[in-house]
Amino acid sequence: MSHYFENDSNVKSEERIFAANICGANLNFYSDNGVFNKSGIDYGSRLLIEEFIKNYKDGKVLDVGCGIGVIGVSLSRLLHADVDMVDVNLRALGLANKNIKLNTLTSEMNVFESDCYSNVSKTYDYIITNPPIRAGKKVVYRILLESYNHLNENGELWFVIRKDQGAPSAKRDVAEVFKNCEVVNKDKGFFILMAKKVSL
Ligand SMILES: C[S@@+](CC[C@H](N)C(=O)[O-])C[C@H]1O[C@@H](n2cnc3c(N)ncnc32)[C@H](O)[C@@H]1O
Numbered sequence: 002m003s004h005y006f007e008n009d010s011n012v013k014s015e016e017r018i019f020a021a022n023i024c025g026a027n028l029n030f031y032s033d034n035g036v037f038n039k040s041g042i043d044y045g046s047r048l049l050i051e052e053f054i055k056n057y058k059d060g061k062v063l064d065v066g067c068g069i070g071v072i073g074v075s076l077s078r079l080l081h082a083d084v085d086m087v088d089v090n091l092r093a094l095g096l097a098n099k100n101i102k103l104n105t106l107t108s109e110m111n112v113f114e115s116d117c118y119s120n121v122s123k124t125y126d127y128i129i130t131n132p133p134i135r136a137g138k139k140v141v142y143r144i145l146l147e148s149y150n151h152l153n154e155n156g157e158l159w160f161v162i163r164k165d166q167g168a169p170s171a172k173r174d175v176a177e178v179f180k181n182c183e184v185v186n187k188d189k190g191f192f193i194l195m196a197k198k199v200s201l
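Under this note's numbering, the residue at position 197 of the sequence shown is numbered 198, and the numbers go up by one with no gaps.
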């Protein structure tokens, strides 16, 4: 069986568009088989976007594991934030590019292939992720912990993770690196967590 993070060209393409109202904005997303999310916005992603929007001040954002671009596209539309988006799934990256055009975004957006931060050379004010739990703890922890090296001073890591998928231990382990990590919200078992890179 293929997973949403694998580049499996045998997965038959059946492109479709779904609509989503996010914080009052009507957005549309191309999606397909073999990508996350196939037919609608994930509840955790929605909660993450809503909390992030309430707290965003200014600055550049990196969406790690962007999939078809739901988070990055929403932040561009609603905050006019400059957002870079990375993923390992080439079909998802193609759709993320189409979703930028479909939603006629005006902020600066870059979409590129990267295994975690392997091709990320810049630093950001915010890193946001709904990490790929099914890819395994090693990948999830690379995304969460290595974010520290790609954040500017006072930059923030924002992520969503379910309680039963390890939210309490992820909070503890992220706090070891950042020296802080707070639960910003929780709902239906999804935890929205934020850690800030502060000078020691
Ligand atoms: C849970 S999905 C989230 C997708 C999208 N951000 C959303 O919220 O709808 C996680 C994404 O991480 C991607 N991913 C898996 N392994 C990765 C890796 N090593 N580096 C970067 N992205 C990865 C998957 O392809 C998938 O698109």
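Positions of the beta carbon are idealized from the N, C-alpha and C atoms, including for glycine. Given the structure is predicted, the values throughout are model-derived calculations rather than measurements.
Check	Outcome
Out of CYS182, GLY190, SER148, TYR127, which has the shortest C-alpha to C-alpha gap to LYS1?	Past the edges of the chain, shown from 2 to 201, lies residue 1, and the structure says nothing about it.
Would you say SER77 touches ligand 1, meaning its beta carbon is less than 6 Å from a heavy atom?	no
Can you tell me whether ASN131 sits near ligand 1, meaning its C-beta is under 6 Å from at least one heavy atom of the ligand?	yes
Which residue marks the beginning of the beta strand (DSSP E) containing PRO171, and which one marks its end?	Checking the sequence, you will find Ala at residue 171 rather than Pro. No beta strand (DSSP E) holds ALA171; the alpha helix (DSSP H) holding it covers 168-179.
Give the straight-line distance between the Cα atoms of ALA171 and PHE192, rounded to the nearest whole angstrom.	10 Å
Quick check on GLU147: does DSSP put it in helix, strand or coil?	helix
What I want to know is whether the C-beta of SER46 ends up closer than 6 Å to one or more non-hydrogen atoms of ligand 1.	yes
Are there 16 or more other CB atoms within 10 angstroms of the CB of PHE113, so buried, or fewer, so exposed?	exposed
Where does ASP64 sit, in a helix, a strand or coil, going by DSSP?	strand
So the candidates are LEU28, ASP59, VAL87; which of them puts its Cα closest to the Cα of MET110?	VAL87
From the DSSP secondary-structure annotation, give me the bridge partner or partners of PHE37.	BP columns for PHE37 are empty, so no partner.
Below 8 Å CB to CB, which residues in the same chain sit around ARG17 once its five sequence neighbours on both sides are set aside?	TYR31, SER32, ASP33, SER40
Less than 7 Å separating the beta-carbons of CYS182 and ALA168?	no
Are ASP116 and VAL84 close, meaning C-beta to C-beta below 7 Å?	no
List, from N- to C-terminal side, the alpha helix (DSSP H) runs of 4 residues or more that fit wholly inside the region 81-154.	91-103, 138-146
Considering just the uninterrupted stretch of the beta strand (DSSP E) at TYR57, what are its terminal residues?	Neither: TYR57 is in no beta strand (DSSP E) and is coded neither H nor E.
Within a Cβ cutoff of 6 Å, which residues of the same chain sit near GLY45, ignoring the five residues on either side of it in sequence?	ASN131, VAL161, PHE191
Going by the CB atoms, is the gap between LEU48 and ASP174 shorter than 7 Å?	no
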